Structures are given as structure tokens and as C-alpha cells.
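Worksheet: the structure to be examined is printed underneath.
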Amino acid sequence: MRVVPKDKVSFSCNQKNGANYQVDDGEVFWVETDDCYSGQIQDEKTRRPDIDISIMDCAVGPIAVKGAMPGDTLCVEILAIDLVDHGVMVTSKGLGVLGDRITEPDTKIIPIHDGFAWFSDTIRLPLTPMVGVCGIAPKAGLDIHCAVPGTHGSNMDTKMVKVGSRLYLPVEKEGADLAVGDIHACMGDGELSGTGIETAGRICLRTTVYKDRPVHGPVIETKNDLYFLGTAVTLKEAIKIAVAETVEFIEKKRSLNFQDAYRFLRATCDIQISQVVNDLVTVRCHLPKFDTGIETL
Ligand code: CA
Ligand code: CA
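Heads up: the sequence shown begins at 1 in our numbering, then just goes up one per residue.
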């Protein structure tokens, strides 16, 4: 099986970068990644202000997917996530929701083994591995840092991008130019302190091109659920984007007019917060598939 090594990375998503790697439509392959600090923090003496932030938040790629054309939908299926034996959690002034209460930055190295992240000698957390950054080239003319989420995916920090999930993204460029990174061993909704348990590792993916599943922005499918993502400056705007996408999907899928799709939404869907710590915030509108008679995207 092909292994995409971590030595070629993107710092921003655009149509100019050009692909460093190429895979086939339907191919299963591994992508190796550093953590979001590009491996600069390996001990508790190294604090966030000590590292070069210009090489943070990159993503391995771009990886062109053969056959992907503008107007298609790229499905990125997460088949497995292997973690290294430790993760990193920093605090730093201004980082996360309560960052104003941090006066001295510090670093914790979290051992990972036996299915747990060992937060301390007495506190162990079950692993919930997920992929923070998974994005493709945005519309022509845009140049978006990998730390910023959008309709092209990227740093959505959505815990549903996990093993067994399929992430659908709207293709804007031939090959799509996929880039992935920022694995977390554990992360809760919101990424409230500004980081999950940041780890290096490798991700097993399957990339499939669909001609008949159009999306305007990221949609995640799990066994039982669909999630329509919205990213914007404020939560209110992000919610509006996610809800509008969901209602449009319900209209088409259940052959309802807008008013009835809007009623259907109110009876079945939840709004959930993905992250509130990046420059733009991300929410997801959750639509249960089986309770609503919807089988897939
Ligand atoms: Ca992230
Ligand atoms: Ca992260």
C-alpha cells in the first residue's frame, strides 16, 4: 500500500501550489504526519513561545486524486489512525477560551499506550483519535492558510473526522489537491483550550470521486448520521450556513418544499459546535439518517 511521507507539506490551500503526490480514485493509502507543531515540542521544557510558529499548522500534501474535476465531490474516508507513543498539550497566554487567565506558558507531554492517553499517573483518558486538518484547494484566487477552515475543509477541528467517517468536499481544481494533518489523540467539541492532545502519526485514507453527490461545503457521513458544516466569523453566521445546507439537502432528498423541509429540520436536527478557537468558528448541523429515512448523502 502506498505511503505518503510527511516531508512535503503545504502551509496554505490554493490552486497554485501544485500537487506533491498523486493517488488513484478509490485508492487506499497511508499519510504520515507530524503534530501541529511540526514536531518542535518533544519535552516539557519547550513551551509554545519558544517554537517557530511560522512552521506550525501545516498539512501533508497536496495530494492530487486522479479523475477529480471541478464540480465533483471528493470523499475522504478515514479507515484508520495510528498514533505515536505520546502527545503534547501546551497552555500559553491568550490561547483558547480562558487564555486571558494564563500568565506563564507550560507544556505537558502525555504518554499514549494501551488505548489511553495518560493525563497523569491517576487520570487516563480513552483515546478518541481524530483529524484536525483535512482540506482541498479552494476556489481560484483564494489562498487560505491551513490553520483556517472554510468551504474547502482544512482546519475544521471537528471530532467527527474520525475512523469510520467519510468527509465530502466540493472539488474546485482538477485533482482536488488534498492536504491532511493535525491529528489529535483526544479532543472535545470546541477545542476549548486551543489544543487537543496533539500527536504525530499516520492516517489510512480512501479517496473517492463522486459525480452525483454535489455539496457546497464540508459534509461528514458516519454509519448513522450526516453533519453539514458551517464556518464563519460568528457562531450565528456559521449556524445559518450549516442549517441552510441541511434544509437544501432535505428538500432534495425527501422531495419537500422549503417550508416542509424547514419543519423537518426542526423536528430532527441538532446544532453542534466543532471549534471556537480558530480565526473562524465552525459548527455542524446533525441530521440522523435512519430516523429520517435518509440512507446516504
Ligand atoms: Ca487544529
Ligand atoms: Ca490541533
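Glycine residues also receive a C-beta, built at the ideal position from the N, C-alpha and C atoms. Since this is a predicted model, take the numbers as computed values, not measurements.
Nearest-angstrom Cα separation, counted from residue j out to residue i
{"i": "F341", "j": "K253", "result": "The structure shown does not extend to residue 341, since the chain is modelled only from 1 to 297, so the question has no answer here."}
{"i": "M69", "j": "D177", "result": "11 Å"}
{"i": "T234", "j": "Y168", "result": "23 Å"}
{"i": "L256", "j": "Q40", "result": "52 Å"}
{"i": "V84", "j": "K108", "result": "16 Å"}
{"i": "P23", "j": "H145", "result": "Strictly speaking, residue 23 in this sequence is Val, with Pro absent from that position. V23 and H145: Cα-Cα distance of roughly 23 Å."}
{"i": "V13", "j": "I220", "result": "Sequence check: residue 13 is Cys here, not Val. So the alpha carbons of these two residues sit roughly 20 Å apart."}
{"i": "E191", "j": "I123", "result": "19 Å"}
{"i": "T103", "j": "S92", "result": "8 Å"}
{"i": "E77", "j": "C134", "result": "11 Å"}
{"i": "D157", "j": "G67", "result": "28 Å"}
{"i": "H184", "j": "W30", "result": "17 Å"}
{"i": "C36", "j": "G194", "result": "12 Å"}
{"i": "I231", "j": "D182", "result": "For the record, residue 231 in the displayed sequence is Thr; it is not Ile. Between T231 and D182, the C-alpha separation is close to 18 Å."}
{"i": "D106", "j": "Y21", "result": "37 Å"}
{"i": "G164", "j": "L127", "result": "15 Å"}
Reference residue i, options the options, closest by Cα
{"i": "V277", "options": "D212, A200, L98", "result": "L98"}
{"i": "I81", "options": "F228, P129, G96", "result": "P129"}
{"i": "V65", "options": "T73, A59, C58", "result": "T73"}
{"i": "S38", "options": "K289, M1, P105, S54", "result": "S54"}
{"i": "G188", "options": "G201, R166, K162", "result": "K162"}
{"i": "C285", "options": "D57, T207, D43, R266", "result": "R266"}
{"i": "G201", "options": "D260, R48, A179, G87", "result": "G87"}
{"i": "P138", "options": "P218, M89, D100", "result": "P218"}
{"i": "L79", "options": "R206, L142, E174, G96", "result": "R206"}
{"i": "T46", "options": "M89, T268, P5, G61", "result": "M89"}
{"i": "Y210", "options": "D279, P126, L297", "result": "L297"}
{"i": "A147", "options": "A117, V3, M56, P5", "result": "M56"}
{"i": "P288", "options": "D270, A238, T33, D212", "result": "D270"}
{"i": "P170", "options": "E44, L142, H216", "result": "H216"}
{"i": "D25", "options": "T268, D52, M160, T208", "result": "T208"}
{"i": "V131", "options": "I197, L95, D121", "result": "I197"}
{"i": "I203", "options": "T268, D279, V247, G61", "result": "G61"}
{"i": "T222", "options": "C75, A59, Q42", "result": "C75"}
{"i": "T33", "options": "I273, N155, A242, C58", "result": "C58"}
{"i": "G71", "options": "L229, E172, Q275, T292", "result": "E172"}
{"i": "G141", "options": "A242, I250, F258, N17", "result": "N17"}
{"i": "F228", "options": "D212, D260, T199, R166", "result": "R166"}
{"i": "A179", "options": "A261, V9, D260, R2", "result": "V9"}
Strand pairing of residue i, partner residues [DSSP]
{"i": "P111", "result": "H86"}
{"i": "H184", "result": "M130, E198"}
{"i": "C13", "result": "I144"}
{"i": "Q22", "result": "A64"}
{"i": "K162", "result": "M130"}
{"i": "N155", "result": "V133"}
{"i": "V233", "result": "Beta-bridge pairing links V233 to no other residue."}
{"i": "F29", "result": "L205"}
{"i": "H286", "result": "Y227, D270"}
Check: residue i C-beta below 6 Å from any heavy atom of ligand 2
{"i": "C75", "result": "no"}
{"i": "G196", "result": "yes"}
{"i": "C36", "result": "yes"}
Closer than 6 Å: residue i CB and nearest ligand 1 heavy atom
{"i": "D182", "result": "yes"}
{"i": "G96", "result": "no"}
{"i": "G132", "result": "yes"}
{"i": "D157", "result": "yes"}
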